[in-house]
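Asker: The structure under discussion is supplied below as structure tokens; questions concerning it will follow.
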């Protein structure tokens, strides 16, 4: 029966074991696995342990005229051990082992249902949840929103705008419970200090289809893995908040569209509200946001040592294994054309 073993267990009782070593002839002999057999206890010790080539292969890097990376593995092909006990116990053990194998290996999941972002790209998944709202002056409200992404962002899944369902007031609160997700990629050398900005409009529609704008809000989301829960204060223009404007809003609705980008301004401008309007608080939104970041692992370390990762930008000269091998092949072909090498 094959059992797991540690390095200390292998080194113990050296004379009691029959040893076999699996080597690799890669310019110099490299030890891959050690197998020890104890005929007395019928015990087989393997170091390192069994693994799966598709999920957790072992790696060996060799430095020479070129940099080469090898991966290898060892698989248990022996039949299942004979369990002692009742037939029901053996069946339960077999079912448990099969279930554990499905949960741990997940070969089909990792092969078919998992995708990497493109080379030199950072992938972000933004999960936005509009939970509830309070303090609005009209009932039957819904929230419309729009996501403003960086210029270099490329959307891979999702939409930049959306709307919640209509909600009626219950105990002073409007429940929306609306979830929205958007996935996009940006270059690694992009300034990740630039935020994603989400604009919100709270709108009320009555039975006569009259629309009333109850307030606007804005949320800045940093491009980093995080979970944020916040309450956004909704604002509306109060310059013309006289009797006739209130009467118009009550009778015909009178919703006016606002350029939210100019209304909230941008971080480059010192003027927050370009409209030059006075505003008033008109309600509050309860928002939750989660950001997930993904990128391809690199084989070449960033220049500048371990502290280089603390900077906001990634180095553009970091390359992947595929690009390194492709560059080596092109360089070799050019060298063969020049000196006419024969192999």
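Numbering (this note's numbering), first residue to last: 11 to 353. All residues carry an ideal CB built from backbone N, CA and C; glycine is no exception.
#1: Should the segment 232–245 be called in touch with the segment 285–301, which here means at least 3 C-beta pairs below 8 Å?
#2: Give the DSSP bridge partners of residue 214, in chain order.
#3: Pop quiz: residue 153 and residue 170 are said to be a contact at Cβ under 8 Å. What is the actual Cβ separation, rounded to whole angstroms?
#4: Any idea which residues DSSP pairs residue 197 with across the strands?
#5: Report yes if the CB atom of residue 293 is closer than 7 Å to the CB atom of residue 182, and no otherwise.
#6: Check for me: the beta strand (DSSP E) holding residue 33 runs from which residue to which?
#7: Spell out a yes or no on whether the segment 29–39 and the segment 60–69 are touching, meaning 3 or more CB-CB pairs, one atom from each, closer than 8 Å.
#8: Closer than 6 Å by C-beta to residue 81: which residues in its own chain qualify, once you throw out the five before and the five after it? Chain order, please.
#9: Rounded C-beta distance between residue 142 and residue 185? I'm assuming under 8 Å.
#10: Is residue 178 helix, strand or coil when you go by DSSP?
#11: Inspect the beta-carbon positions of residue 72 and residue 42 and report whether they are closer than 7 Å.
#12: Using DSSP bridges, identify the partner residues of residue 77.
#13: Counting only the same chain and skipping the five closest in sequence on each side, list residues whose C-beta sits under 6 Å from that of residue 45.
#14: Could you say which of 349, 290, 198 lies nearest to residue 305 if we only look at CA atoms?
#15: Note down the Cα distance separating residue 39 from residue 78, rounded to an integer number of angstroms.
#16: Which two residues bound the contiguous beta strand (DSSP E) that contains residue 247?
#17: Between 204, 176, 196, which has its C-alpha nearest residue 188's C-alpha?
#18: Is residue 170 helix, strand or coil by DSSP?
#19: Going by beta-carbon coordinates alone, are residue 149 and residue 109 separated by less than 7 Å?
#20: Measure the CB-CB distance between residue 208 and residue 229 and report whether it falls below 7 Å.
#21: Determine whether the beta carbon atoms of residue 303 and residue 235 lie at a separation below 7 Å.
#22: Grouping DSSP H, G and I as helix and E and B as strand, with all else coil, what is residue 338?
#23: Compare the C-alpha of residue 131 against each of 102, 97, 76, 201 and name the closest.
#24: Who are the near neighbours of residue 204 in its chain, counting only those whose CB is closer than 8 Å to its CB and skipping five residues on each side?
#25: Who pairs with residue 126 in a beta bridge, going by DSSP?
#26: I'd like the list of long-range same chain contacts for residue 101, defined as Cβ closer than 8 Å, with 5 residues on each side in sequence excluded.
#27: Less than 6 Å between C-beta atoms, sequence neighbours within five positions excluded: which residues of the same chain meet that for residue 26?
#28: Should residue 195 be labelled buried (16 or more other beta-carbon atoms within 10 Å of its own) or exposed?
#29: If contacts are defined as beta-carbon pairs under 8 Å, then residue 192 and residue 238 qualify, I think. What distance do you get, rounded to the angstrom?
#30: On the DSSP bridge assignment, give the partners of residue 191 in chain order.
#31: If we count the other Cβ atoms within 10 Å of its Cβ and call it buried at 16 or more, is residue 163 buried or exposed?
#32: Alpha carbon to alpha carbon, how far is residue 336 from residue 59? Give it in angstroms, no decimals.
#33: Apart from the five residues on each side of it in sequence, which residues of its chain come closer than 6 Å, Cβ to Cβ, to residue 133?
#34: Assuming residue 247 contacts residue 180 under a Cβ cut-off of 8 Å, what Cβ separation, rounded to an integer in Å, is found between them?
#35: Which term fits residue 227, buried or exposed, when burial requires 16 or more other beta carbons within 10 angstroms of its beta carbon?
#36: Taking 7 Å as the threshold (C-beta atoms), are residue 172 and residue 155 in contact?
Answerer: Per the coordinate set shown:
#1: yes
#2: Counting from one through the chain shown, the residue named residue 214 turns up at place 204. Residue 214 is bridged to 151, 222.
#3: Sequence index remark: in the chain shown, residue 153 carries index 143 (1-based). Sequence index remark: in the chain shown, residue 170 carries index 160 (1-based). Not a contact, Cβ separation roughly 15 Å.
#4: As a working note, residue 197 is residue 187 in the chain shown. Bridge partners of residue 197: 131.
#5: Here residue 293 corresponds to residue number 283 of the chain shown, with the count starting at 1. Here residue 182 corresponds to residue number 172 of the chain shown, with the count starting at 1. Cβ distance not < 7 Å, so residue 293 and residue 182 don't count as in contact.
#6: By 1-based counting over the chain shown, the position of residue 33 is 23. Element bounds for residue 33: 28–36.
#7: no
#8: By one-based count along the chain shown, residue 81 stands at place 71. Same-chain partners within the cutoff: 67, 69.
#9: The residue given as residue 142 occupies position 132 in the chain shown. The residue given as residue 185 occupies position 175 in the chain shown. Right, the Cβ-Cβ distance comes to about 5 Å (below 8 Å), so this counts as a contact.
#10: Looking up residue 178 in the chain shown gives position 168. It is coil, neither helix nor strand.
#11: Working through the chain shown from its first residue, we reach residue 72 at position 62. Working through the chain shown from its first residue, we reach residue 42 at position 32. For residue 72 and residue 42, no; Cβs fall outside 7 Å.
#12: The residue labelled residue 77 in the question sits at position 67 within the chain shown. For residue 77, which the question treats as bridged, DSSP gives the partners 73.
#13: On the chain shown, residue 45 is found 35 positions in, with the first residue counted as 1. Answer for residue 45: 30, 56, listed in chain order.
#14: Here residue 305 refers to the residue found at position 295 of the chain shown. For residue 305, the nearest C-alpha among the options comes from 198.
#15: Translated into positions along the chain shown, residue 39 becomes position 29. Translated into positions along the chain shown, residue 78 becomes position 68. Between residue 39 and residue 78, the C-alpha separation is close to 15 Å.
#16: Translated into positions along the chain shown, residue 247 becomes position 237. Per DSSP, residue 247 belongs to the beta strand (DSSP E) from 236–247.
#17: One-based indexing of the chain shown puts residue 188 at position 178. Of the candidates 204, 176, 196, the one whose C-alpha sits nearest the C-alpha of residue 188 is 176.
#18: Taking the first residue of the chain shown as position 1, residue 170 is located at position 160. The answer is coil: DSSP assigns residue 170 none of H, G, I, E or B.
#19: Numbered from 1 along the chain shown, position 139 holds the residue referred to as residue 149. Numbered from 1 along the chain shown, position 99 holds the residue referred to as residue 109. No.
#20: Taking the first residue of the chain shown as 1, we reach residue 208 at position 198. Taking the first residue of the chain shown as 1, we reach residue 229 at position 219. Yes, the Cβ-Cβ distance between residue 208 and residue 229 is below 7 Å.
#21: What you label residue 303 is simply residue 293 of the chain shown in a count that begins at 1. What you label residue 235 is simply residue 225 of the chain shown in a count that begins at 1. Yes, these two residues count as a Cβ contact at 7 Å.
#22: The residue given as residue 338 occupies position 328 in the chain shown. Here residue 338 sits in helix by DSSP.
#23: Against the chain shown, residue 131 aligns to sequence position 121. Ranking the options by Cα distance to residue 131, first place goes to 201.
#24: Numbered from its first residue, the chain shown carries residue 204 at position 194. 160, 233.
#25: Translated into the one-based positions of the chain shown, residue 126 becomes position 116. DSSP, once it has assigned bridges, lists no residue as partnering residue 126.
#26: In the chain shown, residue 101 corresponds to position 91, counting from 1. There are no such residues.
#27: Along the chain shown, one-based indexing puts residue 26 at 16. The answer, listed in chain order, is 48.
#28: For this step, residue 195 is matched to residue 185 along the chain shown. Answer is buried; the Cβ neighbour count reaches 16.
#29: To locate residue 192, count along the chain shown from 1; it is residue 182. To locate residue 238, count along the chain shown from 1; it is residue 228. Contact flag wrong, Cβ pair sits at about 15 Å.
#30: Mapped onto the chain shown, residue 191 falls at position 181. DSSP, once it has assigned bridges, lists 137 as partnering residue 191.
#31: As a first step, residue 163 must be located in the chain shown, where it is residue number 153. Counting Cβ neighbours within 10 Å, residue 163 comes out buried, since at least 16 surround it.
#32: Taking the first residue of the chain shown as 1, we reach residue 59 at position 49. Taking the first residue of the chain shown as 1, we reach residue 336 at position 326. Roughly 33 Å between the two C-alpha positions.
#33: On the chain shown, residue 133 is found 123 positions in, with the first residue counted as 1. Closer than 6 Å at the Cβ level, and outside the excluded window around residue 133, lie 127, 195, 304.
#34: Within the chain shown, the letter at position 237 stands for residue 247. Within the chain shown, the letter at position 170 stands for residue 180. The pair is not a contact, with the Cβ atoms about 28 Å apart (cut-off 8 Å).
#35: On the chain shown, position 217 is the one that residue 227 refers to. Buried: at least 16 other Cβ atoms inside 10 Å.
#36: As a position in the chain shown, residue 155 is number 145, starting the count at 1. As a position in the chain shown, residue 172 is number 162, starting the count at 1. Cβ atoms of residue 155 and residue 172: closer than 7 Å.
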